[in-house]
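Residue numbers (my numbering), protein chains in the order written: chain A, 8 to 383; chain B, 2 to 427.
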């Protein structure tokens, strides 16, 4: 049978939802559901979960690109078929996990993974840099201010040793979002790489009347910088359009989201900001937002050396200075952000002082501070 | 489709991390449109801007979500990606798969798409990246008929819910995250597939306060497992950590010498409430002071386990910064039992109270956290019929501008200014 274009609604099936998860559980998982006692990380990338009845589930975690072909997925299926009774899973950080039910099966699995070039690196557990979550970037998005896959590849190449080892004070969560929409939710990451625009939108007066609902474009601006205006199109005709008060623009791109005739992207205007010190977990301290410490680095494909160096510098300064268990943000809060800037050597600029909504929450309203080199 | 020169992208074939460029090239041997993905991306690497057009509304009949339209702005150069729509497949809860299921999906995507995917998208969907408009209906037919699967959400609807792996392979799952996630996904198929909300609405389910799916940062409706009785202590295992028999933090720090395990420095002193102490080699916890942060359990998983009276805390309204700034989800329901026997009716009631209010008062493209921010947490709690408690705030308000209601004030607000002036001259 199959789809009949002449009768598209024939035999239509809708709203059946995802397949039930339980059919995808390896037997050791299914048998011990809700009966796990504890876990150990035997080596970077290898976990052992112990069940109440003594069963053990060994998990080998590998890093993977988020952008992944069906050829590579099939190869991962081959690994699962050879070693894991045909079961595997993905983590929320785009890692892949292969599970076996005895310790004897771990080494053959590790050997197999190692034999597959650099396609399946084992790691990403414990006090490591796990996989960097990210967005689409230039590979598939219409609003990005930078690429995603390429920047992440360059950063993870440089930090590879931290993916495959447990030598950091705590886990370090990296994330990249290619514009301020933050589909990658980098607002709560230890180190966040964020694509930013720095030029106000252009206005395509030839297209705007046909493409956009002007009131939506106007109300999209959180700062009231977009106003209705009559403009001349390239044929010299008066058209209903908008004008932008560039001094008010904060380059969020929300107008472009609502109106395709207001593009912001620009090879010189766009680049990367670095934010630091966010976390999601409630462990010890409350969840916290990432904070902007480097306002701009240029887009330098294919390997973004400035961004890679900035991330590595922050990571290694933290690794050398933080106490055991301290996340990046906990370390910076303990030593004080003035010390964070001094120790990392990152120049503090006025752009790290908030002047948007809720800004006052971040200003210092005490006489307690440290005399760092910033005070002349 | 011809192969393009990609000298910039070729640089990303170097290095130890898996290369998406190498992967794309391998896939291109079978799916030549991947050469055009590489070609257009190379052009972006030269031009330093994207070459995807803005938007394009496409979909399958009867659904308002699940497919995201995408068109190249250089289609004559790269005809293989002229149409390059995204198809979001609703992932199984916590992303376990059989190789048979994945191979079916791969075969489907070999037939109808580019062969490239995201495993997975930020919200949790299995994302199939790149197909044409004419392929959408046949793909959907095969997906629902042969693979018994469905699309996820996009646009102003309930986005595909996601959860941590919970009780499947973790000792800390305080409720059955997969069951709740799957059940609500099935219960709300209409809301996932047909946009009816002011804006997107995300649900995420974490089994404990470590929050591995980032529910508190990324979801409008975050259900985070917790417990309300005492942490279970195995004192013999505590001694095992003290003696060095067990490695702290499950071995997470194994590649650096941090010295001998020091329970005072590593556990007692890092407890945010200071509610733990040692009596000899016996660990004591004043559980009434515990805020269930998970640190001590993380460090000593063999000795400490969550209590037995388990359930969840519901937090509402997280979002990324666009537009007014990032928000974490606000603690709304301190404790709720997560009960499969009632088909989670108690949780559904909370969800639908939120939706009823938000759909009435929420503005276009306003996330529920922004609505709460605009209108106020006190009003939200009243709407939710939740008793306000000190747990709802970090500290009481410091400004005195209380919005008193007339019926709260003795005698109401109608007063006689003439009588007032007789007593109190101008």
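Here a beta-carbon is modelled for each residue, glycine too, at the ideal position from N, C-alpha and C.
Hey, out of the options, whose CA is closest to residue i's CA?
i	options	result
residue 131 of chain A	A/247, A/298, A/69	A/69
residue 147 of chain B	B/120, B/104, B/162, B/180	B/104
residue 284 of chain B	B/236, B/273, B/301	B/236
residue 282 of chain B	B/302, B/260, B/353, B/239	B/239
residue 236 of chain A	A/247, A/100, A/229	A/247
residue 160 of chain A	A/36, A/138, A/148	A/138
residue 216 of chain B	B/262, B/426, B/328	B/328
residue 285 of chain A	A/298, A/239, A/155	A/298
residue 126 of chain B	B/96, B/100, B/289	B/96
Where residue i and residue j are concerned, what is the direct C-alpha to C-alpha distance, given to the nearest angstrom?
i	j	result
residue 183 of chain A	residue 279 of chain B	43 angstroms
residue 153 of chain B	residue 281 of chain A	32 angstroms
residue 45 of chain B	residue 325 of chain A	34 angstroms
residue 91 of chain B	residue 112 of chain A	32 angstroms
residue 9 of chain B	residue 165 of chain B	38 angstroms
residue 362 of chain A	residue 44 of chain A	49 angstroms
residue 23 of chain A	residue 242 of chain A	52 angstroms
residue 194 of chain A	residue 171 of chain A	25 angstroms
residue 177 of chain B	residue 208 of chain B	7 angstroms
residue 198 of chain B	residue 201 of chain A	28 angstroms
residue 403 of chain B	residue 291 of chain B	32 angstroms
residue 144 of chain B	residue 334 of chain A	43 angstroms
residue 224 of chain A	residue 233 of chain A	7 angstroms
residue 160 of chain B	residue 316 of chain B	17 angstroms
residue 48 of chain A	residue 114 of chain A	15 angstroms
residue 98 of chain B	residue 38 of chain A	17 angstroms
residue 18 of chain B	residue 146 of chain A	18 angstroms
residue 350 of chain B	residue 389 of chain B	18 angstroms
residue 203 of chain B	residue 343 of chain A	35 angstroms
Do residue j and residue i come within 7 angstroms of each other at the CB atom, strictly closer than that value?
i	j	result
residue 171 of chain B	residue 311 of chain B	no
residue 179 of chain B	residue 167 of chain B	yes
residue 123 of chain A	residue 325 of chain B	no
residue 156 of chain B	residue 131 of chain B	no
residue 190 of chain A	residue 220 of chain B	no
residue 204 of chain A	residue 268 of chain A	no
residue 310 of chain A	residue 12 of chain B	yes
residue 35 of chain B	residue 42 of chain B	no
residue 373 of chain A	residue 337 of chain A	no
residue 208 of chain A	residue 251 of chain A	yes
residue 337 of chain B	residue 313 of chain B	yes
residue 162 of chain A	residue 53 of chain A	no
residue 50 of chain B	residue 274 of chain A	yes
residue 61 of chain B	residue 137 of chain B	yes
residue 354 of chain B	residue 374 of chain B	no
residue 88 of chain B	residue 129 of chain B	yes
residue 118 of chain B	residue 84 of chain B	no
residue 249 of chain B	residue 300 of chain B	yes
My understanding is that residue i touches residue j, with C-beta atoms under 8 angstroms, so please give their C-beta distance in whole angstroms.
i	j	result
residue 226 of chain B	residue 76 of chain A	Not confirmed; about 36 angstroms, so no contact.
residue 93 of chain B	residue 25 of chain A	5 angstroms
residue 231 of chain A	residue 255 of chain A	7 angstroms
residue 184 of chain B	residue 345 of chain B	6 angstroms
residue 185 of chain A	residue 144 of chain A	4 angstroms
Quick one: grab the DSSP three-state call for residue i.
i	result
residue 316 of chain B	strand
residue 238 of chain A	strand
residue 396 of chain A	No answer is possible for residue 396 of chain A: it lies beyond the span of chain A, which begins at 8 and ends at 383.
residue 79 of chain A	helix
residue 281 of chain A	strand
residue 315 of chain A	helix
residue 108 of chain B	helix
residue 66 of chain A	strand
residue 27 of chain B	helix
residue 188 of chain B	helix
residue 250 of chain A	strand
residue 139 of chain B	helix
residue 365 of chain B	coil
residue 269 of chain A	coil
residue 184 of chain A	strand
residue 84 of chain B	strand
residue 160 of chain B	coil
For the ligand NAP, is there a heavy atom less than 6 angstroms away from the beta-carbon of residue i?
i	result
residue 133 of chain A	What this structure holds is no ligand at all, so the ligand NAP is not there to describe.
Is any beta-carbon of chain D found at less than 7 angstroms from that of residue i?
i	result
residue 212 of chain B	Looking for chain D here will not work: the only protein chains present are A and B.
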